[in-house]
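S.K.:
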Amino acid sequence: MANTPSSRLWGLPESIGKLAGLSELIVSSNELTTLPDYIGRLTNLQALDLSSNRLTSLASNKD
522 MANTPSSRLW GLPESIGKLA GLSELIVSSN ELTTLPDYIG RLTNLQALDL SSNRLTSLAS
582 NKD
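Going by this note's numbering, 565 is the number at position 44 of the sequence shown; the sequence numbering is gapless.
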């Protein structure tokens, strides 16, 4: 689990895409505006909390 609520994050580091075993990611109440493509590498992700951010776009599916 990665839990970073209210951390004033503007983006997610690309290195988070290397955490293939991550099952829960909580990044609520930050300043995120986009969800990067590399979030798709988190193949074991079961829960994703993006609430209370400023999202305007999500990752595109390039398959």
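All C-beta atoms, glycine included, are put in the ideal place defined by N, C-alpha and C.
Note that the structure is predicted; figures quoted are calculated from it, not measured.
(1) So, are the CB atoms of isoleucine 560 and glycine 532 less than 8 Å apart?
(2) Of the choices Glu535, Ile547, Leu563 and Leu553, whose alpha-carbon is the least far from that of arginine 529?
(3) With a CB to CB cut of under 6 Å and the five nearest residues on each side skipped, what residues in its chain are close to aspartate 570?
(4) So, for glutamine 567: in the same chain, excluding its five sequence neighbours on each side, which residues have a beta-carbon less than 8 Å away from its beta-carbon?
(5) In this structure, does DSSP put glutamate 552 in helix, strand or coil?
(6) For leucine 563, is the classification buried or exposed, using 16 other Cβ atoms within 10 angstroms of its Cβ as the cut-off for buried?
M.R.: From the atom records:
(1) Residue numbering aside, residue 560 sits at position 39 when the sequence shown is read from its first letter. Residue numbering aside, residue 532 sits at position 11 when the sequence shown is read from its first letter. The answer is no: Cβ separation not under 8 Å.
(2) Residue numbering aside, residue 529 sits at position 8 when the sequence shown is read from its first letter. Nearest to arginine 529 by alpha-carbon distance, out of Glu535, Ile547, Leu563 and Leu553, is Leu553.
(3) If you number the sequence shown from 1, residue 570 lands on position 49. So the qualifying residues of the chain are Ile547 and Ser549.
(4) Within the sequence shown, numbered from 1, the residue matching residue 567 stands at position 46. Correct list, in chain order: Ser544 and Glu545.
(5) Mapped onto the sequence shown, residue 552 falls at position 31. The answer is coil: DSSP assigns glutamate 552 none of H, G, I, E or B.
(6) Your numbering for residue 563 matches position 42 in the sequence shown. Counting the other CB atoms within 10 Å of its CB gives leucine 563 a total of 16 or more, which places it among the buried residues.
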